[in-house]
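Enquirer: One structure, as structure tokens, below. Some questions next.
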Amino acid sequence: MEQQYPSTLLEKAVQEFSKLPGIGRKTALRLSLFLLRQDTDSVDAFGEAMVRLKHDVRYCSVCHNISDTDVCPICADHRRDGSLICVVENIQDVMAVENTQQFNGLYHVLGGIISPMDGIGPSDIEIDSLVSRVEKGGVSEVILALSSTMEGDTTNFYISRRLAHTGVKLSVIARGISVGDELEYTDEVTLGRSILNRTPLNS
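Position 102 (the sequence shown) corresponds to 1111 in the numbering used here; numbering is contiguous.
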């Protein structure tokens, strides 16, 4: 039996919260009632943060990481080694690698991996812009830090083919990460060691 709500506004809030990943209608109801009990300023601040997140956050014009400016702080940091580019699937992976404090180069966020089953091809992710970055020169090594899944390995292979003409060194993170593991859920010590002990990619 579908739950009845005493307010259509409460029902609408529950509907919106339940659209979030991992949030069922019961949890959505608890979150909605929690916000209802808070003071107006707190709820206004919460709402403004969500609106600004959508409208004001940008994507770095260089690496496609999220940023408050056109170029993200990592790409703008001249203390970092611009000759190293670590290729990752998503923004969470940038955060995971940064938390290891074992990498001082730059990043390139693909925004996904090649997955024909999901209808994602090479043109749907940021591979062309990666090739352009490498072709401009100054890059000595590209580290492919993608999840050790079939889709991740397929993407590694495709990128290696696209970059073959540049002569740039290609490496993959060491398999301290189990096959099938997602990068963002790997502990920091294992991920850090996997980056330090990266191995050449055998094309």
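Cβ coordinates follow ideal geometry from the N, Cα and C atoms, glycine included. Note that the structure is a prediction, hence the values are computed from the model and not measured.
Run through the DSSP bridge pairs and tell me what SER1180 is partnered with.
Expert: Answer is ILE1152 and PRO1209, bridged to SER1180.
Enquirer: Going by other Cβ atoms of all chains shown within 10 Å of its Cβ, with 16 needed for buried, is ARG1061 buried or exposed?
Expert: By the neighbour-count rule (16 or more Cβ atoms within 10 Å), ARG1061 is not buried but exposed.
Enquirer: By how many angstroms is the C-alpha of LEU1139 removed from the C-alpha of ALA1058?
Expert: Near 32 angstroms, if we compare the C-alpha coordinates of LEU1139 and ALA1058.
Enquirer: To the nearest angstrom, how far is the alpha carbon of ASP1065 from that of GLU1025?
Expert: If you take the alpha carbons of ASP1065 and GLU1025, they lie about 21 angstroms apart.
Enquirer: With 16 as the cutoff for other CB atoms within 10 Å, does ARG1034 come out buried or exposed?
Expert: Flag for ARG1034 reads exposed.
Enquirer: Measure the C-alpha to C-alpha separation of LEU1153 and PHE1043 and round it to an integer number of angstroms.
Expert: Going by the C-alpha atoms only, they are around 43 angstroms apart.
Enquirer: For the beta strand (DSSP E) that VAL1103 lies in, which residues bound it at each end?
Expert: First-last for VAL1103: 1100-1109, but that is the alpha helix (DSSP H), not the beta strand (DSSP E).
Enquirer: ASP1077: buried (16+ other C-beta within 10 angstroms of its C-beta) or exposed?
Expert: Exposed.
Enquirer: Beta carbon of HIS1073, beta carbon of ILE1094: below 8 angstroms?
Expert: Not in contact: HIS1073 and ILE1094 (Cβ atoms no closer than 8 angstroms).
Enquirer: Assign ASN1113 to buried or exposed, taking buried as 16 or more other Cβ atoms, counted over all protein chains shown, within 10 Å of its Cβ.
Expert: When all chains shown are included, ASN1113 counts as exposed.
Enquirer: Please work out which residues of its chain come closer than 6 angstroms, Cβ to Cβ, to LEU1179, disregarding the five sequence neighbours upstream and downstream, and give them in chain order.
Expert: Closer than 6 angstroms at Cβ, skipping near neighbours: VAL1151, SER1169 and LEU1210.
Enquirer: TYR1116 lies in the beta strand (DSSP E); which residues open and close that run?
Expert: Taken as a continuous stretch (DSSP letters only), the beta strand (DSSP E) holding TYR1116 covers 1114-1118.
Enquirer: Can you tell me whether ALA1105 is buried or exposed? The criterion is at least 16 other CB atoms within 10 Å of its CB, across all chains shown.
Expert: Buried, because 16 or more other Cβ atoms sit within 10 Å of the Cβ of ALA1105.
Enquirer: Is the distance from the Cβ of LEU1119 to the Cβ of GLU1144 below 8 angstroms?
Expert: No, Cβ-Cβ distance for LEU1119 and GLU1144 is not below 8 angstroms.
Enquirer: Over the uninterrupted beta strand (DSSP E) stretch that includes GLY1091, give me the two end residues.
Expert: It spans 1090-1097 - the beta strand (DSSP E) in which GLY1091 sits, taken as one unbroken run.
Enquirer: If you follow the alpha helix (DSSP H) that ASN1165 is part of, which residue opens it and which one closes it?
Expert: Per DSSP, ASN1165 belongs to the alpha helix (DSSP H) from 1159-1172.
Enquirer: What distance in whole Å lies between the Cβ atoms of VAL1148 and LEU1177, which are believed to be in contact at a cut-off of 8 angstroms?
Expert: Rather than Leu, the amino acid found at residue 1177 in this sequence is Val. With 8 angstroms as the limit, VAL1177 and VAL1148 qualify as a contact, their Cβ atoms being about 6 angstroms apart.
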